[in-house]
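Protein sequences appear in the order of chains D and E.
Letter by letter, the first sequence follows residues 2 to 106 in the working numbering.
Letter by letter, the second sequence follows residues 2 to 175 in the working numbering.
What follows is one structure encoded as structure tokens, with my remarks underneath.
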Amino acid sequence: MSEGLEARLRAALRPVSPSEEFSVRLQERLTAAARPRRRAVALWFGAALAASLVLAVGIAHRASKAQERVAGLAARQQVLDALRVTNQKVDLAYLTVTSESRDEP
Amino acid sequence: MTADEQLARARAGDSDALAGLVREHQRSIYSIALRMLGNREGAEDLTQEVFMQLSAKIGSIASGEHLRFWLRQVTANRAIDELRRSTRFPMVPLDEEASFCHAAEDTDPLLQRQLDRLLAQLSAPARAVLLLRYQEDLDPVDIARTLDMPINTVKSHLKRSLEMLRSRCEVPAP
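This is the structure in structure tokens:
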């Protein structure tokens with residue numbers, strides 16, 4: 002009894018097709034909706050590309066500045082080292098000269 | 002091309018693939034909408050809204066199986082919401098609508114009309130349960146998942162609806 006009713010329900014509730022007119026209209030609406038979305042995707046892509054370029058240039062500029070600073074510090078260190086060595090040499094020369102003049106009768 | 006391949010192409014923005022998916026599922030979705038709401042105009046509006054939503058959310062659909070589940074879930078829930086809040090689609094017998102709905106089918110049109118009238122007397126969730134069970138051939142577990150409903154509620158809707166149909170639908174023996 003129940004199986005008979007269920008079988009009849011299945012038969013009666015088979016899917017039905019919408020009208021052809023509606024199917025065409027639906028496809029047109031979907032196509033129309035997809036167009037602006039593609040444009041929006043292209044716009045977002047362009048904006049993301051521009052932002053990436055700006056970021057890349059910024060990072061490169063910052064890296065170059067950092068490199069210059071490191072080179073400047075190294076040069077400063079070299080000058081300081083040279084001055085220290087020169088200072089030591091001058092001190093040594095002064096000591097030599099003063100000790101020689103003291104030894105003279 | 003498999004359903005999953007077609008879905009992958011639709012996700013990548015291929016509008017022909019999306020159109021193919023819509024063509025494949027529109028019969029099932031339209032039928033749920035039509036039998037839930039009881040009129041062609043409402044069913045067409047609902048079907049269109051569901052597929053427009055699909056078009057916007059296609060990126061989040063993982064597989065062909067997920068797509069079928071998502072379409073049924075969105076359609077059934079939207080129809081239930083619509084029936085609950087709107088007087089636009091009153092739950093009245095389908096009558097004349099039934100004749101166009103099933104004209105192409107080979108079932109007895111009188112039985113068809115009788116069933117349509119009885120369907121219209123069910124509550125919105127009970128009608129959704131019955132349609133998913135006998136139109137979409139889902140088992141109670143899948144119906145519970147689709148409608149986000151406890152399995153016992155699904156079984157109870159099915160039992161009560163069948164009892165009601167059996168008592169009221171005096172189906173002539175074939």
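Cβ atoms here follow ideal geometry from the backbone N, Cα and C, with glycine treated the same way.
### Task
Might you give, ordered along the chain, the residues of its own chain that have their beta carbon closer than 6 angstroms to the beta carbon of A145/E, omitting 5 neighbours on each side?
If we look at A145/E and ignore the five residues flanking it on each side, its Cβ neighbours are I152, V155.
### Task
Quick one: residues in its chain with C-beta nearer than 7 angstroms to the C-beta of L133/E, no 5 flanking neighbours on either side, listed in chain order?
R73, A77, L139, I144, T147
### Query
In chain order, which beta strand (DSSP E) runs of at least 3 residues are fully inside the region 110–155 of chain E?
none
### CB contact flag (L55/E, A34/E, <8 angstroms)
no
### Residues of its chain near Y31/E, where Cβ-Cβ distance is below 7 angstroms and the 5 sequence neighbours each way are ignored
A44, T48
### Message
What would DSSP say about E106/E, mapped onto helix, strand or coil?
### Response
A caution first: E106/E carries a pLDDT of 47, below 50, which makes its placement in the model unreliable, though a value can still be read off. Three-state DSSP puts E106/E in coil, outside helix and strand.
### Query
Quick one, which of R85/E, A11/E, E25/E, A20/E has its alpha-carbon nearest A17/D's?
For the record, residue 17/D in the displayed sequence is Val; it is not Ala. With distances taken between Cα atoms, V17/D lies closest to E25/E.
#### Entry: Minimum Cβ-Cβ distance from T48/E to chain D less than 8 angstroms
yes
### Query
In angstroms, rounded to a whole number, what distance separates the CA positions of G60/E and L19/E?
11 angstroms
### Message
Let's test the definition: count the other Cβ atoms within 10 Å of the Cβ of S53/D and tell me whether it reaches 16, buried, or not, exposed.
### Response
Per the 10 Å Cβ criterion, exposed.
### Task
Quick one: list the residues of chain E neighbouring S24/D, beta-carbon separation under 8 angstroms, in chain order.
R24, Q27
### Query
Just how far apart, CA to CA, sit R36/D and S24/D?
19 angstroms
#### Entry: Whole-Å CB distance - R177/E paired with V51/E, under 8 angstroms assumed
The requested residue 177/E does not occur in the structure, where chain E is confined to residues 2 to 175.
### Contact with chain E by L6/D, beta-carbon distance below 8 angstroms
yes
### Query
When Cβ atoms are compared, which residues of the region 109–134 of chain E fall closer than 7 angstroms to chain D?
L112, Q113, L116, L132
### Message
Quick check: is the beta carbon of A4/E nearer than 8 angstroms to any beta carbon in chain D?
### Response
no
### Message
If the cut-off is 9 angstroms on Cβ atoms, which residues from the region 75–90 of chain E count as contacting chain D, listed in chain order?
### Response
none
### Euclidean distance between Cα positions of D82/D and K90/D
12 angstroms
### Task
Write down the C-beta distance between Q27/E and L14/D rounded to the nearest angstrom, noting that I regard them as a contact closer than 8 angstroms.
17 angstroms between Cβ atoms; not a contact.
### Query
Between the beta-carbon of M37/E and the beta-carbon of L84/E, is there less than 8 angstroms?
yes
### Query
By the criterion of Cβ-Cβ separation under 7 angstroms, what are the contact partners of A33/D in chain E?
Those do not exist, as A33/D stays about 10 angstroms from chain E at its closest Cβ, beyond 7 angstroms.
### Euclidean distance between Cα positions of V75/E and D82/E
10 angstroms
### Message
Against S32/E, what residues of chain D qualify as contacts under a CB-to-CB distance less than 9 angstroms, listed in chain order?
### Response
L14, R15, P16, V17, S18, P19
### Query
Out of curiosity, what's the CA-to-CA distance linking K127/E and E4/D?
First, the amino acid is wrong: residue 127/E is Ala here, not Lys. For A127/E and E4/D, the distance between alpha carbons rounds to 19 angstroms.
### Query
By Cβ distance below 8 angstroms, which residues in the same chain neighbour A125/E in space, the five residues on each side in sequence not counted?
M37, A80, I81, L84, R85, M92
### Residue interval of the alpha helix (DSSP H) (run including T48/E)
41–58
### Task
In the DSSP assignment, find the unbroken alpha helix (DSSP H) run with L38/E in it and report its ends.
Where L38/E is concerned, the enclosing alpha helix (DSSP H) stretches over 16–38.
### Message
Taking 8 angstroms as the threshold (beta carbon to beta carbon), is Q79/D in contact with chain E?
### Response
no
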